[in-house]
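Take our numbering: the final residue in the first sequence is number 535, and no numbers are missing along the way.
Just so it is clear, CB atoms sit at the ideal spot from N, CA and C, and this is done for glycine as well.
For reference, the structure is listed below as structure tokens.
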Amino acid sequence: MESKSSSLGDGGKAELKVFNSLTRQKEVFKPITPGLVGMYVCGPTVSGESHLGHSRPYVTFDVVYRYLMHLGYKVRYVRNITDAGHFEEEGREAEDKISKKAVLEKLEPMELVQKYTNLFHWAMNLFNCLPPSIEPTATGHIVEQINMIEKIIAAGYAYVVNGSVYFDVMKYAQDHDYGKLSGRVIDELLETTRDLEGQEEKRNKADFALWKNAAPEHIMRWKSPWGIGFPGWHIECSAMSTKYLGDQFDIHGGGMDLLFPHHESEIAQSTICNHIAPVRYWIHNNMITINGRKMSKSLNNVIKLTELFSGNHPMLEKAYHPMTIRFFILQTYYRSTLDFSNEALQAAEKGLKRLWEAYENLVKLQAASYELRETPGDIELDARISKLLAEFDEFMKDDFSTAKVLANMFELVPVINSMKDKTIPVSALSARTFQLLQTQMKLFVEEIFGLKSITEADNKKLQGVMQLLVDIRKEARARKDFVTSDNIRNQLQQLGIALKDERDGSISWSIDTP
RNA sequence: GGUCCUGUGGCCGAGUGGCUAGGCUGAGCUCUGCAAAAGCUCCUACACCAGUUCGAAUCUGGUCGGGACCUCCA
Numbered sequence: 022m023e024s025k026s027s028s029l030g031d032g033g034k035a036e037l038k039v040f041n042s043l044t045r046q047k048e049v050f051k052p053i054t055p056g057l058v059g060m061y062v063c064g065p066t067v068s069g070e071s072h073l074g075h076s077r078p079y080v081t082f083d084v085v086y087r088y089l090m091h092l093g094y095k096v097r098y099v100r101n102i103t104d105a106g107h108f109e110e111e112g113r114e115a116e117d118k119i120s121k122k123a124v125l126e127k128l129e130p131m132e133l134v135q136k137y138t139n140l141f142h143w144a145m146n147l148f149n150c151l152p153p154s155i156e157p158t159a160t161g162h163i164v165e166q167i168n169m170i171e172k173i174i175a176a177g178y179a180y181v182v183n184g185s186v187y188f189d190v191m192k193y194a195q196d197h198d199y200g201k202l203s204g205r206v207i208d209e210l211l212e213t214t215r216d217l218e219g220q221e222e223k224r225n226k227a228d229f230a231l232w233k234n235a236a237p238e239h240i241m242r243w244k245s246p247w248g249i250g251f252p253g254w255h256i257e258c259s260a261m262s263t264k265y266l267g268d269q270f271d272i273h274g275g276g277m278d279l280l281f282p283h284h285e286s287e288i289a290q291s292t293i294c295n296h297i298a299p300v301r302y303w304i305h306n307n308m309i310t311i312n313g314r315k316m317s318k319s320l321n322n323v324i325k326l327t328e329l330f331s332g333n334h335p336m337l338e339k340a341y342h343p344m345t346i347r348f349f350i351l352q353t354y355y356r357s358t359l360d361f362s363n364e365a366l367q368a369a370e371k372g373l374k375r376l377w378e379a380y381e382n383l384v385k386l387q388a389a390s391y392e393l394r395e396t397p398g399d400i401e402l403d404a405r406i407s408k409l410l411a412e413f414d415e416f417m418k419d420d421f422s423t424a425k426v427l428a429n430m431f432e433l434v435p436v437i438n439s440m441k442d443k444t445i446p447v448s449a450l451s452a453r454t455f456q457l458l459q460t461q462m463k464l465f466v467e468e469i470f471g472l473k474s475i476t477e478a479d480n481k482k483l484q485g486v487m488q489l490l491v492d493i494r495k496e497a498r499a500r501k502d503f504v505t506s507d508n509i510r511n512q513l514q515q516l517g518i519a520l521k522d523e524r525d526g527s528i529s530w531s532i533d534t535p
């Protein structure tokens, strides 16, 4: 049977397969250096609040990160913070969105950036996303970006115009495949030229800025060999990934909407600079949609995370817990679109509750010492459970199919609950299978999927108070004083605390989701 | 317009050519003082048309619908 202890990358029985956007197929994952993985994920632009759509890549790659570590890899996970303002619309007068908004909010640009960075970290924390190994900021790497641009100019693939620097896509395309990642055809890119104002600086429409000359009113500005300005959007990721992960690294992740032009341009820049393709495996998550439409600022259909957690948004029927969102995301294959709706989210909420309570029941089963034998009492059931558990890794190794793992977990739920209710004896399973059930569930539920309890019932005083009420109710029931016992239960119900009379006469309680 | 993806039961969503994923909802039953929870059972779908095949949700072609990217975007 496949053991969860890994055999470090190559040599393992079942190999990890990932869908590589570059080749458009699943490939066996082999890190450049055995045992080590370098992973870069595009992080947030901290000029505003994160919304529901943003949560998808962070949760997705958090699970990728956790799973790679589970396989025994030492992972360096780099996720940037984009805190340098870029031009709003290409072709128009360059304007820095961060500084523009800062004026509106009467904040220093860095103050604004700090505010939204803090808010981002707050949300990541609620989502139970592990912090990356390195979280570099664009403003902290201006020097690296300038150096990189200089190299590209020296190589002859960029040109300077009026204090701005542009990457020469046409030249690059002569001896490289620009469009390989995104499936773009260079000739079409050049043909679909629209006449935009301010385009005259560029030799070709497809060219992109490496450095932009800053207008006098620009607050965020740095000195460069080409004058005062600010870096282009794409160069920061190239500079920071190169610095921390090397000229070539294993995984680059991000949303599908970044395929073009962002990632395509990253490849071009880095390839010229470092003489090697920067990334082995490109992994892209699909979008979260709302009524079938991508959630984005330009479509004006954004639900911010603060609104989502508070329920304070016209489209929301209620507040949703961060764990519900995490579970919701995990219930879908990361390469499929995920459509938001109150109905879907509430289904996820209930599903998570059911899974979590079964999981807690399983953990408690561990506390009691049951008789376990080597041979299972129910051979068929034992075999079924073993298979379901073994498939956890099998599914995850098949391009992180979290949805299938969850389906298996739900098949285990009735068995676990029945063991708790003693309608299925624990001895139906062999000692080995029972232990595997507990260890695998703990590993996947908590450590790999990163799920946590929705209710914070770990308050000592509350537990004391509840114990008191439970005791009083138990006593009342023993006296058949159902008026009192129902009163206690009903009043607690109104406070959002549910009491359950268990089969064995005990009473358990749980707090409803906010 | 170009490139690509997609269309599964009331809703959400897995699906490697044959053996009816899973979740939510709904109905019934069991347990229970009553509830809640839990357990059991039921509701058997693959846009449409044609083709390949002994056999297709799964492959091929076409039709229609939805979406993403081509512009800041997770």
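- Query: Between which two residues does the alpha helix (DSSP H) containing Thr423 stretch?
  - Reply: The count along the first sequence starts at 1 and reaches residue 423 at position 402. Run containing Thr423: Thr423 to Lys441, per the alpha helix (DSSP H) assignment.
Checklist line | Beta-carbon separation (whole angstroms), Leu383 vs Met344, contact threshold 8 Å | finding: On the first sequence, position 362 is the one that residue 383 refers to. On the first sequence, position 323 is the one that residue 344 refers to. Actually they are not in contact, since the Cβ atoms of Leu383 and Met344 sit about 18 Å apart, beyond 8 Å.
I need the DSSP call for Glu338, collapsed to helix, strand or coil.
Within the first sequence, numbered from 1, the residue matching residue 338 stands at position 317. In the structure shown, Glu338 sits in coil (DSSP, three-state: anything other than H, G, I, E or B).
* Are there 16 or more other CB atoms within 10 angstroms of the CB of Glu523, so buried, or fewer, so exposed? -> Mapped onto the first sequence, residue 523 falls at position 502. Flag for Glu523 reads exposed.
| message | Rounded to the nearest angstrom, what separates Ala428 and Tyr86 at their Cα positions? | response | Taking the first residue of the first sequence as position 1, residue 428 is located at position 407. Taking the first residue of the first sequence as position 1, residue 86 is located at position 65. The straight-line gap from Cα to Cα measures roughly 21 Å.
Candidates Ile272, Phe281 and Glu364, of which the one nearest Arg97 by Cα:
Along the first sequence, one-based indexing puts residue 97 at 76. Closest by alpha carbon: Ile272.
**Item:** Three-state secondary structure (DSSP) of Met277
**Value:** In the first sequence, the residue the question calls residue 277 occupies position 256. Of the three classes helix, strand and coil, the one that applies to Met277 here is helix, per DSSP.
Item checked: Backbone secondary structure at Leu393 - three-state DSSP -> For this step, residue 393 is matched to residue 372 along the first sequence. If DSSP states are grouped into helix, strand and coil, Leu393 belongs with coil.
Exercise. With distances taken from CA atoms, which of Ala404, Asn438 and Phe421 is nearest Arg453?
Worked result: The residue you call residue 453 lines up with position 432 of the first sequence. Among Ala404, Asn438 and Phe421, the Cα nearest to that of Arg453 belongs to Ala404.
- Message: Run through the DSSP bridge pairs and tell me what Thr158 is partnered with.
- Response: As a first step, residue 158 is located in the first sequence; it is residue number 137 there, counting from the start. DSSP, once it has assigned bridges, lists Ile102 as partnering Thr158.
Q) Span of the beta strand (DSSP E) holding Ala519? A) As a working note, residue 519 is residue 498 in the first sequence. Note, Ala519: beta strand (DSSP E), Ile518 to Asp522.
key: Collapsed DSSP secondary structure at Leu483 in the structure displayed   = Walking along the first sequence from the start, residue 483 turns up at place 462. Note: Leu483 maps to helix in three-state DSSP.
**Study point:** Within 9 Å, strictly: CB atoms of Ile475 and Leu73
**Key:** Taking the first residue of the first sequence as 1, we reach residue 475 at position 454. Taking the first residue of the first sequence as 1, we reach residue 73 at position 52. No. Outside cutoff.
Exercise for the section: Examine the Cβ distances between the segment 374-381 and the segment 76-93 and report whether three or more of them are shorter than 8 Å. Expected result: no
Do Cys258 and His283 count as a contact pair if the criterion is CB distance below 9 Å? As a working note, residue 283 is residue 262 in the first sequence. As a working note, residue 258 is residue 237 in the first sequence. Yes, these two residues count as a Cβ contact at 9 Å.
request  = From the DSSP output, in three-state form, read off Gly446 for me.
outcome  = As a working note, residue 446 is residue 425 in the first sequence. Before going further, note that residue 446 is Pro rather than Gly in the sequence given. Reduced to three states, the DSSP call for Pro446 is coil.
**Study point:** DSSP-derived helix/strand/coil call for Ser71
**Key:** Start at 1 with the first residue of the first sequence, and residue 71 comes out as number 50. Three-state result, Ser71: coil.
**Prompt:** Quick one: what's got a C-beta closer than 6 Å to Lys223's C-beta in the same chain, skipping five residues either side?
**Reply:** Here the question's residue 223 lines up with position 202 in the first sequence. These residues qualify, in order along the chain: Tyr187.
Point to revise | DSSP state of Asp502 mapped onto helix, strand, coil | key: Taking the first sequence and counting its residues from 1, one reaches residue 502 at position 481. Coil at Asp502, not helix or strand.
Take Gly248 as the anchor and find which of Gln195, Glu285, Gln461 and Val181 has the nearest alpha-carbon. Here residue 248 refers to the residue found at position 227 of the first sequence. Nearest of Gln195, Glu285, Gln461 and Val181 to Gly248, Cα basis: Val181.
Beta strand (DSSP E) runs wholly inside the segment 250-316, at least 3 long, in chain order = 270-276, 300-306 and 309-311
Is there contact here, the segment 362-373 with the segment 333-353, by at least three beta-carbon pairs under 8 Å? yes
Handout entry: Expected contact under 8 Å - CB spacing of Trp232 and Gly204 to nearest Å
Key = Here residue 232 is taken as the residue at index 211 of the first sequence, counted from 1. Here residue 204 is taken as the residue at index 183 of the first sequence, counted from 1. That pair is no contact at about 28 Å.
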